[in-house]
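Notes follow the structure.
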Amino acid sequence: MPANYSSDKLLLTVAGSSQGQALLSQLAGKWKNLRLGVHSEKSAAKPRSQYPDAEIVEADLDNVKAVQELVKGVNVIFHLGPSFHSRETYVGLRVVDAAAAENRRQPGVIKHFVFSSVIGTQLHKLLNHDCKRPIEEALMESGLPYTILQPTHRMDMLPLKAILGQESPGPGAPLVFKASWKPENKMSFVTLRDQTEAAKVVLEEQERHFYATYQLVSTPSPIPYTDFVKRAVAQAGREVEVGYKGFEESVAFYLDMLFGGEGKASPEVRDGLERMLLYYNDRGLWGSSNHLEWLLGRKGETVEEWARGQLTK
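FYI, in full-length UniProt numbering the residues of the sequence shown are 1 to 313.
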């Protein structure tokens, strides 16, 4: 059975994130009953203005009672955990536990639980991937109808417009971009558009995807990060030289981008970030595009298609 857009109440646990916002833009036209979880009044402002008919709930996902109230009365849950959060695992387990308890209280009330996880949760060296593995396990054992989505590294993380906006080194000279890991390493990529469109299909078709785990990868095969950057920049008619920042500079860059500075992240979060960069620097991140192509009924976006889309924004 597909979802009932007029009667099913859909909860997005972290609606203010980039993925949450992108998914909402695809769902809001059909789903009539939306509950959007936000962590603060500040993060509530954008979804409240964009989706005035949705129920906005400010909830501390670290608080058991707040999570219980958040899931009460909903039928479909899309859980997107707070990435690089020191208690991400516990937050996810609370949401699964609360949903399972609600389903025991009212059998069948939770029709579908979709967890936006990450590719390669078996990779213990990647702490930010490994922390999602217990959530997947709890969901599998919860008795709830579930689907697990495992996206790979997003193309959208590349600051394409910033690269193109830098001062030219000179007439005819290429632009310069320093990657946060060895750029010759191969990576599998997904675009935010493909990722959220696949999530939309799973949520809408519902029962067809019960108990499935899908890798979400747009690129048919892993490609060197250098090639990815060069192909993206070429869509603006430019050339770029791709180098490597170095480990310490890369850590500092991510800490500043994600948390606003080195001293604002917990030691556990810093450990996870450092492990990720070391892993990418040594092995890259690989996956298969088969699941995504089947879900969407088409090939994933190419690097060129993604870059052209970015340039029109």
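The beta-carbon is built from N, C-alpha and C at its ideal position, and this holds for glycine as well. None of the values given here were measured: they were computed from a predicted structure.
I believe residue i touches residue j by the beta-carbon criterion, under 8 angstroms. Please report the beta-carbon distance rounded to the nearest angstrom.
| i | j | result |
| --- | --- | --- |
| TRP155 | THR196 | Looking at the sequence provided, one finds Met at residue 155 rather than Trp. Not confirmed; about 13 angstroms, so no contact. |
| VAL74 | LYS161 | Actually they are not in contact, since the Cβ atoms of VAL74 and LYS161 sit about 37 angstroms apart, beyond 8 angstroms. |
| THR219 | SER289 | 6 angstroms |
| GLU239 | VAL233 | 7 angstroms |
| VAL67 | GLU102 | With a Cβ gap of about 10 angstroms, VAL67 and GLU102 do not count as contacting. |
| LEU151 | LEU216 | According to the sequence displayed, residue 151 carries Pro and not Leu. The pair is a contact, with the Cβ atoms about 4 angstroms apart (cut-off 8 angstroms). |
| PRO145 | PHE210 | 5 angstroms |
When DSSP labels each residue in this structure, what does residue i get in the three-state scheme?
| i | result |
| --- | --- |
| TYR146 | strand |
| SER40 | coil |
| ALA198 | helix |
| VAL64 | helix |
| HIS291 | helix |
| GLU207 | helix |
| SER117 | coil |
| LYS125 | coil |
| PHE72 | Phe is not the amino acid found at residue 72; the sequence shown has Lys there. LYS72 falls in the coil class under three-state DSSP. |
| ALA212 | strand |
| MET1 | coil |
| LYS9 | strand |
| GLU301 | coil |
Using a Cβ-Cβ distance under 8 angstroms, would residue i count as near chain C?
| i | result |
| --- | --- |
| LYS178 | Although the question refers to chain C, the structure presented lacks it and comprises just one protein chain. |
Beta carbon of residue i, beta carbon of residue j: below 8 angstroms?
| i | j | result |
| --- | --- | --- |
| PHE113 | LEU139 | yes |
| ARG283 | LEU127 | no |
| GLY81 | VAL57 | no |
| GLY287 | SER188 | yes |
| GLN235 | ALA307 | yes |
| ILE135 | LEU93 | yes |
| PRO224 | GLU262 | no |
| ASN281 | LYS182 | yes |
Exercise. Are three or more beta carbon pairs between the region 265–283 and the region 193–211 nearer than 8 angstroms?
Worked result: Cβ pair count under 8 angstroms is below three, so no.
Exercise. If you scan the region 131–184 from start to end, which runs of the alpha helix (DSSP H) of 4 or more residues do you find wholly inside it?
Worked result: Fully contained in the region 131–184 are the following alpha helix (DSSP H) runs of length 4 or more, in chain order: 133–140 and 160–165.
Exercise. Quick one: complete beta strand (DSSP E) runs, 3+ long, within the region 12–36?
Worked result: Assignment of beta strand (DSSP E) within the region 12–36, counting only whole runs of 3 or more residues, yields no such run.
Problem set entry | Contained beta strand (DSSP E) runs [length at least 3] in the region 218–261, N- to C-terminal order | The qualifying runs are 240–244.
Exercise. Quick check: the region 49–62 against the region 113–127, are there 3 or more CB pairs under 8 angstroms?
Worked result: Too few Cβ pairs lie closer than 8 angstroms, so no.
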